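In terms of our numbering, the sequence shown has 119 at position 130, counting the first letter as 1, and numbering is strictly consecutive. Even for Gly, the Cβ is constructed at its ideal location relative to N, Cα and C. Here the structure is a predicted model, which is why all the values come from computation and not from measurement. Right, one structure below, let's go through it.
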Amino acid sequence: MIHDHEHEYDAATLQRRLDDLIAHARFGAALDLVTEFQGRGPLPPEIEHPVLLARCRALLGLGRWREVADLAEKKLEELYALRPDDKKPILEYHIAAGWAVWRIGRPSRAEEHFRAAYHISRWDFEDLQGMLRSRNLLGLCFLGAGEIQRAVAEFGRGQLQARGAGLYHEEANFSLNLSIALAKLGRFEQADQELTRARSLFGERGHSRGRVQTRLCLGQQLRIRGDLRDAESHVRGALSEAEEHGFEREHVIALEYLGDIALDQFDNQSAIELYDQALLIAEKLAPEGDLIPELSRRIAEVHVRIGEPNRALITCERGLRIARRINDRFEEAATCRVMAMAHQVLGNRERALRAAREGAQLLRKIEAMYELTRILVWSGEAQLAGRDPEERGSARDQLWEARSLAMTMNLERWVERIEKVLGVDLEPAPTRPIVRGARADLIPEGADPDCFRFGIVTQDPRISELIRILERAASSRLPILILGEKGSGRELLARAAHELGDRKDRPFVVGRCSTLPEGHLDADLFGHDRASGPGTGAARMGLFEGANGGVMYLDEVSELLVGAQAKLLRVIEMGELRRVGAAGVRHVDVRVVAASTRDLAGLVRRGVFRDDLYYRLRLRAGEKAGHIHLGRLGPIPEPYLARQRAGAEGHHRPRGGARTRRGLGRSRVDPAPARAAGRSGSRWSFRAPARRGSGRAGADRDGAPSSPRQPVRGGAKPGRDETHHAAIQDEETRHPPRGVRLHPLTLLVLLPIIGS
C-alpha cells in the first residue's frame, strides 16, 4: 500500500511537471523526464496513457514525427481491438497521430485522424471545446500544406462556433490563425480585423501566450507594409514577454522577425546575428521542426547579400529538405526564390530562372500572394537586365502582374519599387479649385461639383477618388480599364479621363467591339491597305489611326478575338499597328481606354482573353483592387425635379441644347429626367456632349479623316444615343440624392510598357 501511494504521488507530480514543461516548449526536458519515469518499471494502467501521450507531445515538439506516428497508430490499433469504449485516449492518440502523419507528408491520412477526433468529441463526449480543438488542428494542417483557402474556411467556421458558445479563448485562437491565413493570401485588411479581434480577446482574458503571438503577427504585418519602426516596437515587446514567461518557440519567432526588420534596413550583420541566435534555440527545440526551413531561407538570403552564394545554396538545401519532409509547400516555394538569387550570383542564369519559375508556379497554386509578388519582382528585375527581347517581354509581364498584386494588397512601397524598375511614375494630382461657376439650381443639393461637371451626380467619396486617380494619370499614355454593368456610366468615366488629360483637344474615338461587323473587325480597328487582285477596296484608315494623338475608347473589349487582342497589345506597348494587307507598320500615339461588362479575369482563366493584355490593363480603383460597391441610392427630391422640369423648358433648346456655364464642365441636363421622373419618380439621365474635334473623329472609306460631327464606324451615334444614364433608385422619398448609381464598378489604371 505504501508503494502504491508513493507511485500515485509520483504520477501526479509527474503529470504536473510534464504539463508545465510542454506548455513552455521544453520538449527535451519533458522527454527526459518521461524516460526516467519509465525506467523505474512498468507503468501502472491508470497513468500509462497520460505518460505515453506526454511522450508523443514531446516528440512532436522535437520534430520526431515518424516516432510519434508509429507509436500513436500502434496504440490506436490496440485500443480499437481491445478497449474500443475507452474513447478518451483514442481521441488523444488520433490527434497526436494526425499531427505526426501530416508532418511526414500524408495529409489525407492526417485529415482522417483529425476528423475522427472531431466526431468522437461531438458524439461521444458532446465536448464543444474538444470539437473546436480538432477543427483548429485541421485548419493548421491545411495551412501548413498550402491549402490556405480550406484553412480559412475551417478557422472561420470554428470562430463562429466558439463565439456562439461564448468560448472566448477558443474564438481568439481561431481569429489569430485566421489572420495568419488571410495574410498569406494577401488579404491584409481582413487579416488586420481578425488580429484586432484576437488581441482584444486575449487581452480581456489575460492569456499571455496569446498576447505574445498576436504582437508577433502584428509586427510582421507592419513590417510587410514598410512601417519598420512600429513593427520593431511590437516584436521587441513580444520578445521580452516570451523571455519572461519562458515561451521558447515565440522567442525564436521574435528573433526571426527582428532579423527580417534588420534585413529590410540593409543591416546584414545584425540580421545574421539574430537569425543565428534563433537557429541555435530552434535546433534545441526541434532539429527537424518547421522553424528550421524558415530560418535557413532567411540566413541563406543574407549569405547572398554579402557575396557568399555557395553557403547560401547549402543552407537552402537543408531548409528545402526539411520543408519537403514536413510537407510545408509555402516554405518550399519561398526557398526557391533565395536559391534563384544564389544561382544568379554564381552566374547560373538558367538554373536561377528555372528555380524562380518553380517557386512562382507553386505559389500561384497555393495562392500565397505576397510571396508570389516577391518572386515575380525578383524574376522580372533579373530578366529585364538581359538583352533577349523575348526575355525582356516576359520580365515586363511578371512585373506588371506583381504590380497588380501589390496594388491589390495595398503595398505601396512595392508598387513604387516596381514602377521605378519599369521606368514610369504617376505625377501627383494637380491642385484644382472646386468648381463654383455652375448655377446653384442645376447642381443637386450636396452633390460633388467636381463630379457633376462630368455628368455624374454623387456624394460618394469613392467616385471623387476615381476622378482624382484619373487626374493623377491625366498627362500620360496610361491605358485605363473600366469594368461595370450596362448603364453603369463607363463611357462617362472614359470621357472624364479624356477631359482631364492633355489630349482633351485631340480626338476621342469610340469603337464598340460588340457591334463591329464580323470579319471586318481588324480592318475597322487597324485599317485596310490597298491590295492587288479583284474585289479589293480602297485603302482606309482604322479607328486607331483616326484617334492618333488622342484617346481611343474600346467598349466591350472582351469581344475582341485573340488576333485582335495581340494587335491591341502591340499598340499599347509599342505604339505600332499594321493595316490589314500592309507589309510595314505605322506608328500611332493613342491612349487606350477599354471597358467591359464581363469578368476579364474569368475569361483569362478560361483562355479566352490574353493574360498579358489583361495585366497591361489591370490595376486598382480607390483603396484596393476589386469592385466598388455603392449602396442603394435615394431618389431625387420632388422640389429639385420640379426645378428641372422648368429648366427643361426654359434652359434647353430642342436639339443640341444650350450649354450650362463653364463651371459645369460642359455637361448639360437632358429633358429626359422629367419624363423619367414622371414614370418612375427616381430616374435621371445626364448627357456629356463631345468636345469640338474630339468626340467623333474617325476615318472615311477614302482614308481621309472624317468630320468631327460624323460618327466613326462602330462608334456612338449622335443625339439621343449619346445620353449616359446614371440611375438613382427609390428608397425613401424624404432623402436627397446620394449619388449616381454606378453598378459595381472598377476603374483600373495601368502604366504603359517601356520598350526594349
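Endpoints, the alpha helix (DSSP H) within which residue i is located
| i | result |
| --- | --- |
| D439 | 438 to 441 |
| L400 | Premise fails: L400 is in no alpha helix (DSSP H) and is neither H nor E. |
| A357 | From DSSP, A357 is part of no alpha helix (DSSP H); its letter is neither H nor E. |
| R111 | Neither: R111 is in no alpha helix (DSSP H) and is coded neither H nor E. |
| I84 | 76 to 92 |
| V40 | 34 to 51 |
| S547 | First-last for S547: undefined, no H or E at that position. |
| K63 | 54 to 71 |
| L126 | 117 to 133 |
| F144 | 137 to 154 |
| Q202 | 197 to 214 |
| L751 | The structure shown has nothing for residue 751, since the chain only spans -10 to 745. |
Under the three-state DSSP convention, the category residue i falls into
| i | result |
| --- | --- |
| E480 | helix |
| T586 | coil |
| V832 | Any property of residue 832 remains undetermined from this structure, which presents the chain solely from -10 to 745. |
| M541 | strand |
| E283 | helix |
| L566 | strand |
| T504 | coil |
| R346 | helix |
| A1 | helix |
| F598 | coil |
| I315 | coil |
| P298 | helix |
| N337 | coil |
| G667 | Low local confidence applies: a pLDDT of 35 at G667 is under 50, so the model's placement there is unreliable, and no value is given. |
| F255 | coil |
| R6 | helix |
| L174 | coil |
| H13 | coil |
| G192 | helix |
Pairwise C-alpha distance: residue j and residue i
| i | j | result |
| --- | --- | --- |
| E416 | R492 | Bear in mind that the predicted position of E416 carries a pLDDT of just 48, short of 50, making it unreliable; the figure below should be weighed with that in mind. So the two alpha carbons sit approximately 16 Å from each other. |
| A345 | E339 | 10 Å |
| R599 | A555 | 8 Å |
| L280 | R92 | 13 Å |
| F813 | A271 | Past the boundaries of the shown model lies residue 813; the chain is included only from -10 to 745, so the question cannot be answered. |
| T397 | E360 | 14 Å |
| R204 | N162 | 13 Å |
| H724 | D437 | Low per-residue confidence applies at H724: pLDDT is 36, beneath 50, and the placement is therefore not dependable, though the value from the model is reported in the following sentence. So the alpha carbons of these two residues sit roughly 17 Å apart. |
| A58 | I84 | 10 Å |
| R188 | R594 | 38 Å |
| L263 | E245 | 7 Å |
| V499 | V569 | 20 Å |
| N399 | Q209 | 15 Å |
| L22 | A12 | 15 Å |
| G535 | M563 | 17 Å |
| Q4 | E81 | 15 Å |
| V579 | G516 | 15 Å |
| F441 | I452 | 11 Å |
| A154 | V410 | 52 Å |
| D113 | D386 | 56 Å |
| D8 | C130 | 23 Å |
Extent of the continuous beta strand (DSSP E) run through residue i
| i | result |
| --- | --- |
| I471 | 469 to 472 |
Test item: CB-CB of residue i and residue j under 8 Å
| i | j | result |
| --- | --- | --- |
| E290 | V334 | no |
| L49 | A1 | no |
| L532 | D513 | yes |
| I19 | A47 | According to the sequence displayed, residue 19 carries Ala and not Ile. In contact: A19 and A47 (Cβ atoms closer than 8 Å). |
| A251 | A260 | yes |
| E233 | R200 | no |
| L121 | V141 | no |
| L51 | F16 | yes |
| N299 | P96 | no |
| F103 | L126 | yes |
| I311 | E347 | no |
| F191 | A170 | no |
Counterpart residues of residue i in DSSP-defined beta bridges
| i | result |
| --- | --- |
| V765 | Absent from the model: residue 765. The displayed extent of the chain is -10 to 745, so no value can be given. |
| H223 | For H223, which the question treats as bridged, DSSP gives no partner whatsoever. |
| R529 | H517 |
| R575 | L566 |
Near the ligand ZN: residue i beta-carbon under 7 Å from a heavy atom
| i | result |
| --- | --- |
| I109 | For the ligand ZN, the structure offers nothing, since it holds no ligand at all. |
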